[in-house]
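Visitor: Below is a structure I'd like to ask you about.
Residue numbers (the working numbering): 14 to 215.
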């Protein structure tokens, strides 16, 4: 999470949606408060954020985040956690095929719901309120345009932390099963409004 107290903006750093690129770019903004050093705040979801508005002094600030097509995000997580350099880490899943990886999540064995499902990440579980401005990872150019309209044309998103390809894996064949397990996540994503390129258009 990053907070611009001057402009009253809060950027929630969702996972697997170029959050590292966003943090790198926004880190160049003078006065931007970075919460990356605090593991609780770095990838805080909207429900927990709403409980911390008072101590953070961000009541009434505009919240902004990026989300990703649900199945594409699951694939990205698998690629990330199947990297050979993660061997020995509890997060490593390279010993699993993608079908087993999905099964573990669908059946609740992995406990990764908040990391995988952006409808949960972006929605206050008590009030049903959602993040104010939501951009799609698949249209990251529109998000970059929004940032440039706020901070100037010199601000660009670097291309960082791209997951490597996984050989001989047909991910698409598992899409229907995943959507059947989490239809609300797909419905929520498809219903998102067109991304804003200026905050004045809210």
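Glycine residues also receive a C-beta, built at the ideal position from the N, C-alpha and C atoms.
What ranges does the alpha helix (DSSP H) occupy inside the region 99–170, keeping only unbroken runs of at least 4 residues that lie completely in it?
Guide: 111–119, 126–129, 131–134 and 153–164
Visitor: Would you check if the region 191–200 and the region 73–84 touch, i.e. whether three or more CB-CB distances between them fall below 8 Å?
Guide: yes
Visitor: Please state whether DSSP places residue 31 in a helix, a strand or coil.
Guide: In the chain shown, counting from the first residue as 1, residue 31 sits at position 18. Three-state DSSP puts residue 31 in coil, outside helix and strand.
Visitor: Out of 96, 136, 51 and 161, which one is the CA nearest neighbour of residue 76?
Guide: Working through the chain shown from its first residue, we reach residue 76 at position 63. Cα-wise, what sits closest to residue 76 is 136.
Visitor: Which residues does DSSP list as the beta-bridge partners of residue 80?
Guide: Counting from 1 along the chain shown, the entry for residue 80 is found at position 67. According to DSSP, which records beta bridges pairwise, residue 80 is partnered with 149.
Visitor: Counting only the same chain and skipping the five closest in sequence on each side, list residues whose C-beta sits under 6 Å from that of residue 168.
Guide: Position 155 of the chain shown, counting from 1, holds the residue named residue 168. Correct list, in chain order: 38, 160 and 161.
Visitor: Should residue 152 be labelled buried (16 or more other beta-carbon atoms within 10 Å of its own) or exposed?
Guide: In the chain shown, residue 152 corresponds to position 139, counting from 1. Flag for residue 152 reads exposed.
Visitor: Would you list the one or two residues that DSSP bridges to residue 75?
Guide: By one-based count along the chain shown, residue 75 stands at place 62. Paired residue(s): 22.
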